[in-house]
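> Right, I'll just put the structure down here and ask away after.
Residue numbers (the working numbering), protein chains in the order written: chain A, 24 to 165; chain B, 1143 to 1227.
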């Protein structure tokens, strides 16, 4: 049994776009091939204006400190990316306010090798997640 | 390196607030049912999750996963303690 792609346009949150300086978080260690598989998964499930939506998930640092968001949502990731909204926009990547705030989808237009490479570069250098090893959310939250 | 029950991008969430992926990305789809505990993610980033529900979407079936606290290694240690004596 299968259904239609889930149209995201009416589901987008009605909110102001985040400022260019806003940091966004993506957990894990991506490669262009992994990014391609994630983009394809999104496109299988979601559409935007009737077309498959090409995108990957990120979380914006909005309304809570970076460290809190890392501990709350990213404790299982050894590594993270911390690009900014402006850095992604400078390479042509739009952020769609999908799901629950502060989740966003970074929208791709073609998801070809060139664009996936540009996305990889826009994410910046992968870095250790300071919330990983010592986070222990079920023991460490206060 | 993890051998996961179901491949997922643990960054993915939808309006439910749960992580989601497709049922056909499970090693054994029969193991994926509401309430089941599974390891989801990929070889580098994995987490213990509880299956919430399965919903048809696109050309397949979406699985919603509740991300449980702690690392996979924490659960291994928990089980080892529980079975130690």
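Cβ atoms here follow ideal geometry from the backbone N, Cα and C, with glycine treated the same way.
1. On a Cα-Cα basis, can you pick out the residue from A/142, A/155, A/33, A/80 that is closest to residue 110 of chain A?
2. Quick check on DSSP: helix, strand or coil for residue 31 of chain A?
3. Let me know if residue 1179 of chain B comes out buried or exposed under the rule of 16 or more other beta-carbons within 10 Å of its beta-carbon.
4. Would you mind stating whether residue 76 of chain A and residue 139 of chain A have Cβ atoms separated by less than 9 Å?
5. Would you call the segment 98 to 109 of chain A and the segment 46 to 63 of chain A in contact, with 3 or more CB pairs under 8 Å?
6. Please state whether DSSP places residue 110 of chain A in a helix, a strand or coil.
7. How is residue 125 of chain A classed by DSSP in three states: helix, strand or coil?
8. Under 8 Å, with one C-beta from each stretch per pair, do the segment 1149 to 1161 of chain B and the segment 1200 to 1208 of chain B reach the 3-pair mark?
9. Taking CB distances under 9 Å as the criterion, tell me whether residue 116 of chain A reaches chain B.
10. Check whether the Cβ of residue 140 of chain A lies closer than 9 Å to any Cβ atom in chain B.
According to the structure shown:
1. A/142
2. coil
3. Counting the other Cβ atoms within 10 Å of the Cβ of residue 1179 of chain B gives fewer than 16, which makes it exposed.
4. no
5. yes
6. In this structure, residue 110 of chain A counts as helix in the three-state DSSP scheme.
7. coil
8. As far as the Cβ criterion goes, the segment 1149 to 1161 of chain B touches the segment 1200 to 1208 of chain B, which means the pair count is three or higher.
9. no
10. no
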